[in-house]
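Protein chains in written order, with my numbering: chain W, 1 to 227; chain Y, 228 to 454.
These notes concern the structure reproduced below.
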Ligand SMILES: Nc1ncnc2c1ncn2[C@@H]1O[C@H](COP(=O)(O)OP(=O)(O)OP(=O)(O)O)[C@@H](O)[C@H]1O
Ligand SMILES: Nc1ncnc2c1ncn2[C@@H]1O[C@H](COP(=O)(O)OP(=O)(O)OP(=O)(O)O)[C@@H](O)[C@H]1O
Ligand SMILES: [Mg+2]
Ligand SMILES: [Mg+2]
């Protein structure tokens, strides 16, 4: 479902050019469960932003569902980001002046759902992430781990077929982490593609394939033996 | 150095009152190394904000260095926050329009250091957290783990005697986590008081005492046997 060929991403900064992704080739099949790991600064979030169509590569090709992303119209890209891909940001990116419920419901507004459908589905998702009693809190009235879970909920609300989750359990205690990982495991078992970034080996163990980045390239790519 | 007696903290929200801290009694001696753990939403960050004099309790007493914090003047509190306490926020709280170097140097401006002193010390601190080659990046030009390390650096720059670090390694890979924990271990070995919040048992193992919160109260408080 995802093919990237010789992807690079440079960031100009003052007089320098910082080469963050330095030539990545990858193929991810529909229904895979992948974990990206690697040192801080190795390019994981940058790669996730490219996969999520939130950024474009400096060079190289990204083919999603058989179509070249650089050839897609803005409308096609917006549709993909809203309905096919669910993105959990490393820094959550919640709207500060709206409640947890409204934050989670927002992607459904773009998807054209009615207000009743949005409220019902947003309540269901927030209950699934353990926040049934926090729906009317704004982000600054939530703990770090609660904000993280609102971000997870928002990514899942339109039932996307590709989940991209950047450090989804970084602020969660072990019990709550297990609950969130169970959600992702269920989504994967239903046939969807789940791609995580994590720095915790225990979380990566949920995936069937671990890809390690270092200095903007793939250092290793290992599949688990099937059970 | 820290004594808190029957501390509570309520947050009004609409018609409700949310009781977040429900009666906490604690004593922490100078030079201790303490880790707070507990479920997401149990009140750890709220307690850290009280300890860091960034918030005031709804009821109860906080005695810091033998003085009742509620009796201190605004100037005394500002002095404590700037020179005696180094605070690492769970969500970093960096100034978005200034570089890593400027963010780290900011507490020294309030402390009255000269520009040359600020630059030298800020560079030293950023080198200690592994960001020597990222000093002129702004927060949105840094990875999640790099921002976290800038936040750690800023907390250490005035050489405070009490460190309060809320999830300081939540976004770091294992090797970088070890580097940051080595920093905290050294600060503790120099006689300072280090208080962390973490959800990772391996990080908590660096401390000599683990206090677990649940639903706003202390559930357990265990000291390690001395080596
Ligand atoms: N301003 C506020 N208004 C209402 N409720 C609040 C407010 N701030 C925090 N809370 C609630 O207080 C509780 C404790 O929050 P706190 O941030 O201290 O938790 P925490 O233990 O640090 O959690 P985490 O591990 O997820 O960071 C949470 O349930 C949160 O929803
Ligand atoms: N806009 C930018 N301008 C310059 N450099 C950037 C920019 N954005 C990111 N970088 C650099 O790119 C590198 C990779 O960043 P990225 O966020 O992808 O890392 P990461 O692997 O997700 O790290 P972490 O585990 O700390 O989250 C970092 O060294 C960072 O400083
Ligand atoms: Mg990242
Ligand atoms: Mg917290």
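Ideal Cβ placement from N, Cα and C applies to all residues, glycine included.
Note that this is a predicted model, so its numbers are computed, not measured.
Run through DSSP, which three-state label would residue 145 of chain W get? helix
*For chain W, find out if any of its Cβ atoms is closer than 8 Å to the Cβ of residue 370 of chain Y; answer yes or no.*
yes
Requested in this report: Give the range of the alpha helix (DSSP H) segment to which residue 175 of chain W is assigned.
Outcome: 174 to 189
Closer than 7 Å between beta carbons: that is the criterion. Which residues of the stretch 370 to 399 of chain Y meet it against chain W?
370, 371, 372, 373, 394, 397, 398 and 399
Go to residue 335 of chain Y, then tell me how far its alpha helix (DSSP H) extends in each direction, as first and last residue.
327 to 337
Inset, instruction - On a CA-only basis, which of W/187, W/144, W/217 and W/153 is nearest residue 162 of chain W? Give me that one, please. - result: W/187
Could you give the distance in angstroms between the alpha-carbon of residue 126 of chain W and the alpha-carbon of residue 150 of chain W? 7 Å
Exercise for review: Can you give me the start and stop residues for the beta strand (DSSP E) that residue 445 of chain Y sits inside?
Suggested key: 444 to 450
Q: Please decide whether residue 174 of chain W counts as near chain Y, where near means a Cβ-Cβ distance under 8 Å.
A: yes
task: Going by CA-CA distance only, name the one from Y/374, Y/351 and Y/314 that's closest to residue 326 of chain Y.
output: Y/374
Check: residue 371 of chain Y C-beta below 7 Å from any heavy atom of ligand 3: yes
Shorter than 7 Å, the distance from the beta carbon of residue 272 of chain Y to the closest heavy atom of ligand 4, or not? yes
For this session: Could you check which residue in Y/315, Y/244 and Y/363 has the C-alpha nearest to that of residue 15 of chain W?
Result: Y/363
Inset, instruction - Please go through the same chain and pick out, in chain order, the residues whose beta-carbon is closer than 6 Å to the beta-carbon of residue 33 of chain W, but skip the five residues on each side of it. - result: 188, 194, 207 and 208
Is residue 318 of chain Y close to chain W? Criterion is C-beta to C-beta, closer than 8 Å. yes
Q. Would you say the beta carbon of residue 393 of chain Y comes nearer than 7 Å to a heavy atom of ligand 4?
A. yes
Check: Taking 7 Å as the cut-off, is the CB of residue 368 of chain Y close to at least one heavy atom of ligand 3?
Finding: no
*Nearest candidate by alpha-carbon position, reference residue 383 of chain Y, set Y/236, Y/286, Y/280 and Y/330*: Y/330
| query | For the 8 Å Cβ check, are there 3 or more pairs between the stretch 66 to 78 of chain W and the stretch 29 to 47 of chain W? | reply | no
| C-beta atoms of residue 111 of chain W and residue 158 of chain W nearer than 8 Å | yes
Could you confirm whether any beta carbon from chain Y is found closer than 8 Å to the beta carbon of residue 185 of chain W? no
Of all the residues that make up the stretch 9 to 32 of chain W, which are near chain Y by a beta-carbon distance shorter than 8 Å? 11, 13 and 14
Taking the C-alpha atoms as reference points, what is the distance between residue 168 of chain W and residue 265 of chain Y? 18 Å
**Message:** Could you compute how far the alpha carbon of residue 292 of chain Y sits from the alpha carbon of residue 447 of chain Y?
**Reply:** 24 Å
Which bits of chain Y does residue 39 of chain W rub up against, with CB to CB less than 7 Å? 400, 402 and 403
inquiry  = Counting only beta-carbon separations shorter than 8 Å, does residue 55 of chain W have a partner in chain Y?
reply    = no
Checklist entry - Is residue 447 of chain Y close to chain W, meaning its C-beta is less than 8 Å from at least one C-beta of that chain? => result no
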